[in-house]
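In the numbering used here, the protein residues as written are 3 to 170. No residue lacks a Cβ here, since even glycine has one placed at the ideal position from N, Cα and C.
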């Protein structure tokens, strides 16, 4: 679990006293990193180093980190950069920014994911007067309730809302 170090003090009680012990009780080995990475490439390099030593792992990024952005799949002049989490999953592939505009244009080499990666990012969300830390702690509460078998009814519905074509 990689946590933004500015967010960590506000979620550490729930994370370290409840969530991590629950995962470990479920047989999952857990490490928690707190950091502020300057670029997606810095974070990916650290993740790749960990992968080279430990092999396959699951990674959850919690809090605000700069996302890698891609233009893959668009025609020249018709692109809107979008976040590409696969950048963090494929740790031995090559990501190329041909025009050096800060957006990846191609992905070559090994194209398979090496790890499982997900983001828990609530820094852009609002719910009433809740801030990022409250929303993350609420998510951890819900996740814990599910893991403990306290969620007895799961509603079969979902909502996806894409605004501004992935623009940040």
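query                                                                                                               : result
Per-residue burial, residue 139 [other beta carbons within 10 Å of its own, 16 or more giving buried]               : buried
Coarse secondary structure for residue 121, derived from DSSP in three states                                       : strand
Other residues of its chain near residue 63: CB distance less than 6 Å, five sequence neighbours each side excluded : 4, 121
Cβ neighbours of residue 96 in the same chain (closer than 8 Å, five flanking residues each side left out)          : 109, 110, 111
8 Å CB neighbourhood of residue 52 in its chain, flanking five on each side removed                                 : 59
CB contact flag (residue 107, residue 73, <7 Å)                                                                     : yes
Delimiting residues of the beta strand (DSSP E) encompassing residue 60                                             : 60-64
Residue 85 vs residue 69 beta-carbon contact at 7 Å                                                                 : yes
Local conformation of residue 5 per DSSP, three classes                                                             : strand
Contact set for residue 145: own chain, Cβ-Cβ below 8 Å, skip 5 residues either direction                           : 21
Given 8 Å, three or more beta-carbon pairs between the segment 14-31 and the segment 89-103                         : no
Outcome for residue 83 when other beta-carbon atoms lying within 10 angstroms are tallied against a minimum of 16   : buried
The alpha helix (DSSP H) enclosing residue 143, as first and last residue numbers                                   : 134-149
Identity of the residue in 113, 75, 118 nearest residue 105 by Cα                                                   : 75
For residue 108, the three-state DSSP class (helix, strand or coil)                                                 : strand
Alpha helix (DSSP H) segment containing residue 96, residue limits                                                  : Careful: residue 96 lies outside any alpha helix (DSSP H), inside the beta strand (DSSP E) at 95-98.
C-alpha gap between residue 148 and residue 157, whole angstroms                                                    : 13 Å
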